[in-house]
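Down below is the structure, laid out as structure tokens.
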Ligand code: 5RP
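Numbering (my numbering), first residue to last: 21 to 284.
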């Protein structure tokens with residue numbers, strides 16, 4: 021692997037082999053989602069605890085100071101919205117030249133396996149990987165399910181992750197599921213887990229993150245269950261303890277409760 025690409029990957033995946041990516045890209049098709057209406061306010065207290073941020077160029081330029089930033093995974097796919105015809109009909113929205121200008125450590129794009137636009141999204145990925153390789157920029161593929169959250173089963177996710185890796189993604193973002201080890205085993209590149217919509221209890225998040233890490237995930241790309249939490253700093257620090265210190269779900273809960281209660 022060329023020095024530049026290897027160096028960029030090392031900015032993302034830490035020396036212990038693990039990573040905590042903080043995605044704040046949701047507005048690119050969902051608009052001002054709850055708790056991300058003013059991205060700067062939400063992100064600033066969380067940044068110290070993130071290894072990288074997954075973000076569009078618009079929010080990056082408007083809401084993150086370049087002299088205080090973490091490594092950036094630039095969201096470069098889009099072109100659809102929650103109210104449009106089909107969320108799967110994404111294209112590439114941001115050039116590789118722009119990614120280089122923004123000093124991105126990686127670029128990220130969604131694939132929609134099994135959708136009407138499967139073919140287009142997979143070719144978008146392949147094209148992005150070609151361009152990324154030319155410039156030493158890794159690609160994170162996002163196995164997107166659109167509004168069909170029920171798709172998050174092991175057979176489907178294993179299929180998506182393997183296809184993304186075969187097409188050249190350097191990292192694949194997917195969802196945790198029962199039998200998650202099969203997803204990881206079938207995917208020859210690092211896998212990170214998203215959280216999906218906010219769940220009822222923090223412990224549920226800690227449990228799936230812990231389970232996924234035991235089964236071979238390298239980390240998370242986890243957004244709403246952090247920044248939509250009532251205590252987002254406590255949440256990101258608790259998740260960080262699972263990822264980088266191998267804390268159990270109960271230890272993470274204790275840490276969360278301790279931080280939350282120490283607030284004035
Ligand atoms: C949204 C994304 C997010 O980056 C991904 O879904 C992770 O965020 P969350 O944990 O909130 O699901 O691709 O477009």
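Glycine included, each C-beta is placed from N, C-alpha and C at the ideal position.
Going by beta carbon distance, what residues of the same chain come within less than 6 Å of residue i, once the five residues before and after it are set aside?
i           : result
residue 148 : 129, 159
residue 31  : 91, 125
With the cut-off set at 9 Å, would you say residue i and residue j are in Cβ contact?
i           : j           : result
residue 205 : residue 236 : yes
residue 213 : residue 239 : yes
residue 278 : residue 42  : no
residue 66  : residue 262 : no
residue 132 : residue 166 : yes
residue 73  : residue 44  : yes
residue 40  : residue 251 : no
residue 171 : residue 241 : no
residue 97  : residue 152 : no
residue 220 : residue 196 : no
residue 145 : residue 161 : yes
residue 280 : residue 156 : no
Give the DSSP bridge partners of residue i, in chain order.
i           : result
residue 111 : 98
residue 29  : Partner(s): none; residue 29 has no beta bridge.
residue 194 : 213
residue 92  : 73
residue 42  : 73
residue 187 : Paired residue(s): none; residue 187 is not in a bridge.
Out of the options, point me to the one whose CA is closest to residue i's CA.
i           : options            : result
residue 99  : 231, 64, 141       : 141
residue 198 : 210, 208, 174      : 174
residue 71  : 84, 95, 137, 34    : 34
residue 94  : 104, 262, 114, 269 : 114
residue 273 : 153, 249, 223      : 223
residue 80  : 121, 106, 111, 102 : 121
residue 24  : 53, 54, 123, 58    : 123
residue 85  : 248, 64, 258       : 64
To which residues of the same chain is residue i closer than 7 Å at the C-beta, ignoring the five residues directly before and after it?
i           : result
residue 202 : 174, 178
residue 182 : 206, 207
residue 136 : 106, 108
residue 60  : 83
residue 217 : 244
residue 77  : 94, 114, 118, 122
Using a beta-carbon distance below 9 Å, is residue i in contact with chain D?
i           : result
residue 187 : Of the protein chains in this structure there is only one, and it is not chain D.
At a threshold of 8 Å, does residue i count as lining ligand 2 (C-beta to nearest heavy atom)?
i           : result
residue 235 : The model depicted lacks ligand 2 and carries ligand 1 instead.
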